[in-house]
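Enquirer:
Numbering (this note's numbering), first residue to last: -2 to 239.
(1) Assuming contact is defined by CB atoms lying nearer than 7 Å, are residue 60 and residue 71 in contact in what I supplied?
(2) Using CA atoms only, rank isn't needed, just tell me which of 130, 57, 198 and 103 is closest to residue 161.
(3) Just how far apart, CA to CA, sit residue 121 and residue 200?
(4) From 74, 146 and 54, pick the residue whose C-alpha is nearest to that of residue 68; which is it?
(5) Check whether the region 160 to 180 touches the region 76 to 91, counting contact only when three or more Cβ pairs, one atom from each stretch, lie closer than 8 Å.
(6) CA-CA distance, residue 62 and residue 86?
(7) Are the Cβ atoms of residue 92 and residue 151 separated by less than 7 Å?
(8) Can you tell me whether residue 127 is buried or exposed? The criterion is at least 16 other CB atoms within 10 Å of its CB, across all chains shown.
(9) With the cut-off set at 7 Å, would you say residue 114 and residue 99 are in Cβ contact?
(10) Under the rule that 16 or more other beta-carbon atoms within 10 Å means buried, what is residue 169, buried or exposed?
(11) With a threshold of 16 other CB atoms inside 10 Å of the CB of residue 35, please say whether the residue is buried or exposed.
(12) On the criterion of 16 or more Cβ atoms from any shown chain inside 10 Å, does residue 90 qualify as buried, or is it exposed?
(13) Below 7 Å between beta carbons: does that hold for residue 141 and residue 117?
(14) Just to confirm the assignment, what range does the beta strand (DSSP E) spanning residue 64 have?
(15) To the nearest angstrom, how far is it from the Cα of residue 171 to the Cα of residue 48?
(16) Output the distance between the C-alpha atoms of residue 157 and residue 50, rounded to the nearest integer angstrom.
(17) Express the C-alpha separation of residue 52 and residue 77 in angstroms, rounding to a whole number.
(18) What residue from 195, 124, 145 and 119 has the CA that sits closest to residue 139's CA?
(19) Give me the residue from 165, 180, 64 and 112 with the minimum Cα distance to residue 124.
(20) Compute the Euclidean distance between the alpha carbons of residue 137 and residue 144, then round it to the nearest angstrom.
(21) Alpha carbon to alpha carbon, what distance is there between residue 97 and residue 38?
(22) Give me, in chain order, the residues of the same chain whose beta-carbon lies closer than 6 Å to that of residue 112; leave out the 5 immediate sequence neighbours on both sides.
(23) What residue range does the beta strand (DSSP E) around residue 94 cover?
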């Protein structure tokens, strides 16, 4: 499946290489306004102490080498998916507090059967940060929170079991995911995604996770029935011998 020579390793087509500072601000009056004070905030990793976590899963870069692209794929349900964010884990595999990368409003806070507990925070102008694989939630939809506020703790999920205890972190603009490391430590007012390499590929839904769980349950039931039939046949053979 994996190919070299600059060919992408998953379904997304490569986009043109980009350079420059990221700036997503718009002059349109119809666009959602950036919350007061957020424009001057700098994006930070969603942890209290960046020195105690490692990046164990990297954003899938269409311009990366084949080896780097292979390392940025998530294998789930016999399919490879491009990693739409970064995955952070503690070196000792223990859980840790997950914090808001910027101030904003919580627009999603719920349990997902595939992704674990999920939080999404809107920061205005269609900029959203997403946090997956949380083992609990400490915020609710509609909450207004400040940068650095605890939103949950890192956990495990069904979608990316190989990552262990971790938090999956995404930065999206207009629904498209971009490399969080490209905007790290930049002020919101400095960000631009116009020429950036983004991923619009869908992550498997929780419905797919429920379907897969149902399939596994059906398979287990079939195996139990086969085992029961086998035992019954053996009993019949024993009775005939007697």
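Backbone N, C-alpha and C fix where the C-beta goes; we use that ideal spot for every residue, glycine too.
All values reported here derive from a predicted model rather than from experimental measurement.
Expert: In short, the structure shows the following:
(1) Judged by beta-carbon spacing, residue 71 lies beyond the 7 Å limit of residue 60, meaning their Cβ atoms are not closer than that value.
(2) 130
(3) Straight-line measurement puts the Cα of residue 200 at about 23 Å from the Cα of residue 121.
(4) 54
(5) yes
(6) 24 Å
(7) yes
(8) buried
(9) no
(10) Looking at its Cβ environment, which holds 16 or more other Cβ atoms inside 10 Å, residue 169 is buried.
(11) buried
(12) With fewer than 16 other beta carbons inside 10 angstroms of its own, residue 90 counts as exposed.
(13) Not in contact: residue 141 and residue 117 (Cβ atoms no closer than 7 Å).
(14) No beta strand (DSSP E) contains residue 64, which is instead part of the alpha helix (DSSP H) from 63 to 68.
(15) For the pair residue 171 and residue 48, the Cα-to-Cα distance works out to about 31 Å.
(16) 18 Å
(17) 19 Å
(18) 119
(19) 180
(20) 16 Å
(21) Distance from the CA atom of residue 38 to the CA atom of residue 97, rounded to whole angstroms, is 12 Å.
(22) 129, 154 and 156
(23) 94 to 96
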